[in-house]
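The block underneath contains the structure these notes are about, expressed in structure tokens.
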Amino acid sequence: MPVKTKLKEEDIARIAEIEASLFKEKAWSLELIRNELESPENLVIVVKDDFSEIVGYIIIRIILDEAEVLRFGVKKENQGKGIGKRLLMTALDELRRRGIKKIFLEVSVDNVKAQKLYEKFEFKKVGERKDYYSLGKSAFIMCKILEEGSHVKSRD
């Protein structure tokens, strides 16, 4: 179950480990993750397993009535179990509750699995950032309009 909670130092280290395993040389450092998690304008939601160990996270920056997904990851061995879907659903519900109108994110043009997840939640491709990830890799910019008063559902 996704939780919004005050994270301990070992939780932050766990997020950094997952980040490094997923994003390799593009992973955020422990210090950068710590700074973003401590920022009051950011929303952080994690999923813990039965042993209270973090297996997924989403970090979102809120600016006025808009939000941007900064980082989103699920431990490799826990992917395909609905954790990403639950994280995203919880985040979107919380953003709507806070009066956020739009949410943006960037996703690699090669990451079809993530794109399909976002499309299930009615994110639309609104642009492309060329060479966003360097080495010639681009990213799609995706956006979702959050409607007031409705609970988030995925289309599946």
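In terms of the working numbering, the sequence shown opens at residue -15 and continues consecutively.
Ideal Cβ positions, reconstructed from N, Cα and C, are used throughout, including at glycine.
Non-local C-beta neighbours of residue 80 in its own chain, meaning closer than 6 angstroms and more than five positions away in sequence, comprise 130, ordered along the chain.
Non-local beta-carbon contacts of residue 84 in its own chain, meaning distances under 7 angstroms to residues more than five positions away in sequence, involve 46, 49, 50, 51, 130 in chain order. Contact annotation: residue 121 and residue 93 have beta-carbon atoms nearer than 9 angstroms. Residue range 38 to 47 is occupied by the beta strand (DSSP E) that includes residue 41. Around residue 57, the same chain offers 2, 3, 6, 40, 41 as residues with beta carbons nearer than 7 angstroms, after the five sequence neighbours per side are excluded.
For residue 5, the enclosing alpha helix (DSSP H) stretches over residues -7 to 7. Nearest neighbour of residue 68 by Cα position, chosen from 82, -5, 43, 128, turns out to be 43. Rounded to whole angstroms, the separation of the alpha carbons of residue 123 and residue 28 is 23 angstroms.
Within the same chain, 126 come within 6 angstroms of residue 102 by CB-CB distance, once the 5 residues on both sides are set aside. Secondary structure within the stretch 28 to 106: the alpha helix (DSSP H) runs of 4 or more consecutive residues, fully enclosed, are 67 to 81, 96 to 104 (chain order).
Listed as beta-bridge partners of residue 108 by DSSP are 127. Residue 14 and residue -7 have their C-alpha atoms some 10 angstroms from each other. For residue 105, the number of other beta carbons within 10 angstroms of its own is at least 16, and it is reported as buried. In terms of Cα proximity to residue 72, the closest of 10, 30, 112 is 30.
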